[in-house]
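Residue numbers (the working numbering): 19 to 143.
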Amino acid sequence: MFSESSPPLAWDTENNYTRNAVELFYEAASGACLPKKKVLHYLLEGTLASHVEDIGDDEKDAAEGSSHSISAGSSKWIKVNEKRTLHDVLKEPNFIIQGIPVFYVVSKNSGFYQKFKAGLWAPLS
């Protein structure tokens, strides 16, 4: 999609989303970790194993998960190094995934970029 030889994106009439203009971010320290049972439920949904009821020690998992909760106002945007693999980014200790991982693709050429970088924008809760 963003290789050097790719044609311009049809919907990007102002050429804001070119290879050199986009940056990728995730929100660090945002929210609390899901319990293991909930994560496995999402991962197994739609598979033969989705009906499994007992998948681990809920008390131990709840205690471990609570130690990873983050207080309000402590989150920040982290720019993703494009040379890193998705696996490496997802295992960052500050990348708390509440269901599915979310990344933000922001164009340096857009008016929104300055607002985003200044911390004047936040996703809806």
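Every residue, glycine too, gets a C-beta built ideally from N, C-alpha and C.
This one's a predicted model, so the numbers in the text were calculated from it and none came from an experiment.
Given residue i as reference, the closest of the options once Cα atoms are compared
i    : options                   : result
R37  : Y131, K126, K133 and G137 : K126
Y122 : R102, K109, V98 and S21   : V98
K56  : A136, V120, K101 and I115 : I115
Supposed close pair residue i, residue j - CB separation, criterion 8 Å
i   : j   : result
P26 : N33 : 6 Å
Residues that residue i bridges to, as DSSP identifies them
i    : result
S24  : Note: S24 sits in no beta bridge, so no partner.
K97  : F43
V107 : Answer is none; V107 lacks a bridge partner.
V124 : E41
Cβ-Cβ distance between residue i and residue j below 8 Å
i   : j   : result
K94 : A46 : yes
- Cβ contact check for the stretch 127–139 and the stretch 30–45: 3 or more pairs under 8 Å: The stretch 127–139 is in contact with the stretch 30–45.
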